[in-house]
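Right, one structure below, let's go through it.
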Amino acid sequence: MLENIGFIGLGVMGKPMAKHLVAAGRRLVVHNRSRPAVDELVAAGATAADSPADVARESAVVITMLPDTPDVERVLTGPNGVLSGLQSTAVVIDMSSISPAAAERLATLVAEKGASMLDAPVSGGEIGAINASLSIMVGGDEATFHRMKPILGVMGDKERVVYIGRSGAGQICKICNQVAIGCALVGVSEAFALAKKAGVDAARVRQALLGGFASSRVLDVHGERMLVDNYKPGFRARLYQKDLRIAVEAAAVNAVAMPATAVVAQLLNALIAAGGAELDYAAIGTVLLKMAGAAGDRAKS
Numbered sequence: 077m078l079e080n081i082g083f084i085g086l087g088v089m090g091k092p093m094a095k096h097l098v099a100a101g102r103r104l105v106v107h108n109r110s111r112p113a114v115d116e117l118v119a120a121g122a123t124a125a126d127s128p129a130d131v132a133r134e135s136a137v138v139i140t141m142l143p144d145t146p147d148v149e150r151v152l153t154g155p156n157g158v159l160s161g162l163q164s165t166a167v168v169i170d171m172s173s174i175s176p177a178a179a180e181r182l183a184t185l186v187a188e189k190g191a192s193m194l195d196a197p198v199s200g201g202e203i204g205a206i207n208a209s210l211s212i213m214v215g216g217d218e219a220t221f222h223r224m225k226p227i228l229g230v231m232g233d234k235e236r237v238v239y240i241g242r243s244g245a246g247q248i249c250k251i252c253n254q255v256a257i258g259c260a261l262v263g264v265s266e267a268f269a270l271a272k273k274a275g276v277d278a279a280r281v282r283q284a285l286l287g288g289f290a291s292s293r294v295l296d297v298h299g300e301r302m303l304v305d306n307y308k309p310g311f312r313a314r315l316y317q318k319d320l321r322i323a324v325e326a327a328a329v330n331a332v333a334m335p336a337t338a339v340v341a342q343l344l345n346a347l348i349a350a351g352g353a354e355l356d357y358a359a360i361g362t363v364l365l366k367m368a369g370a371a372g373d374r375a376k377s
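If you want it as structure tokens, here you go:
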């Protein structure tokens with residue numbers, strides 16, 4: 077008989093991820109702060125639980141997919157939290173993007189219950205969640221990772237479910253991912269701003285760059301967004317702001333200078349201050365285009 081998997085957090089990312097598990101024949105127990113997503117999963121074949129503690133009591137594996145560090149801490153350690161119902165042989169997999177220090181601390185609390193915890197943040201956005209093509213970067217005990225890899229592979233690209241290292245290492249890797257994307261995004265934005273201000277067709281510039289060493293997924297996907305001025309969210313700017321806040325905190329903890337990331341964070345702050353919190357984070361390019369006096373039509377939400 078298949079063991080139950082618990083899933084807590086059925087938001088933009090979590091709901092399609094949970095649906096993939098149900099579609100793969102896994103027995104799923106779900107909980108979410110709002111009820112409609114729970115009802116949708118129940119209709120697909122899952123079972124509802126009234127609290128995170130109830131999920132833990134009924135599950136051999138508990139997956140969380142939540143917005144921020146305080147949310148994960150509350151769901152795990154708060155009243156009727158996961159830890160109050162966790163089985164001693166269980167595995168907790170947190171797939172949220174949170175503070176590495178918090179991930180380490182929570183893993184210690186889970187271990188005190190006799191259970192194991194993996195931090196397994198993802199990259200790929202809503203489209204990746206829907207298509208089960210997420211990249212998943214995992215920290216924690218390596219033997220536990222290998223036991224859980226088949227479950228993670230249902231929600232992501234099996235070739236991109238990667239063991240990174242100790243507890244918290246998955247979160248460090250996610251920070252590295254967001255830093256690399258942000259710096260590339262600002263570089264593409266500056267290139268387009270220069271092209272437009274100089275009266276050169278930015279679409280043709282992009283076409284040329286895609287054929288050379290400057291080619292990247294950022295230039296391909298987000299460059300296209302900038303050209304058509306379409307920022308329907310795949311990953312909301314406010315969530316990227318949270319990730320960069322965590323990145324800056326991690327840089328301070330580890331005494332690492334990240335001046336380019338600090339600039340990206342400030343440009344993102346400017347976007348959000350101008351009302352762009354719910355736009356895709358690629359809309360950070362609009363800040364640089366406006367600074368250059370090269371902005372196109374108003375960004376579409």
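Each residue of the sequence shown is one higher than the one before, counting from 77 in the numbering used here.
We treat Cβ as the ideally placed atom computed from N, Cα and C, and that holds for glycine.
No experiment lies behind these values; they were computed from the predicted model shown.
Check, Outcome
"Output the boundary residues of the beta strand (DSSP E) element that contains Phe268.", "Per DSSP, Phe268 belongs to no beta strand (DSSP E); it is in the alpha helix (DSSP H), 245 to 273."
"If you follow the alpha helix (DSSP H) that Lys225 is in, where does it begin and where does it stop?", "218 to 231"
"Would Val148 and Ala187 be called neighbours here (beta carbons separated by less than 9 Å)?", "no"
"Helix, strand or coil: how does DSSP classify Thr211 here?", "Looking at the sequence shown, residue 211 is not Thr but Ser. Correct three-state label for Ser211: strand."
"Could you give the first and the last residue of the continuous alpha helix (DSSP H) run that contains Leu142?", "Per DSSP, Leu142 belongs to no alpha helix (DSSP H) and is neither H nor E."
"Give the DSSP-derived three-state secondary structure of Val238 in the structure shown.", "strand"
"Name the DSSP bridge partner or partners of His107?", "Ile84"
"For Pro128, count neighbouring C-beta atoms within 10 Å of its own C-beta (all shown protein chains included) and say buried if the count is 16 or more, exposed if not.", "buried"
"Are the region 260 to 276 and the region 241 to 249 in contact at 8 Å, needing three or more beta carbon pairs?", "no"
"Indicate the three-state DSSP secondary structure (helix, strand or coil) for Met77 in the structure shown.", "Note that Met77 scores a pLDDT of 36, beneath 50, so its modelled location is shaky; the value from the coordinates is reported in the next line. Here Met77 sits in coil by DSSP."
"Report the three-state DSSP secondary structure of Leu162 (helix, strand or coil).", "coil"
"Just mark Ala208 as buried or exposed, buried being the case when its beta carbon has 16 or more other beta carbons within 10 Å.", "buried"
"Going by C-alpha distance, which of Ala136, Leu365, Ala132, Ser164 is nearest Leu152?", "Ala132"
"Determine the direct distance from the alpha carbon of Pro309 to that of Ser377, and round the result to whole angstroms.", "For Ser377, the predicted model reports a pLDDT of 43, less than 50, meaning its position is unreliable; a value from the coordinates is still stated below. When rounded, the distance between both Cα atoms is 7 Å."
"Rounding to the nearest angstrom, what Cα-Cα distance links Ala380 and Asn253 in this structure?", "The chain is shown only over 77 to 377; residue 380 falls outside these bounds and no answer can be derived."
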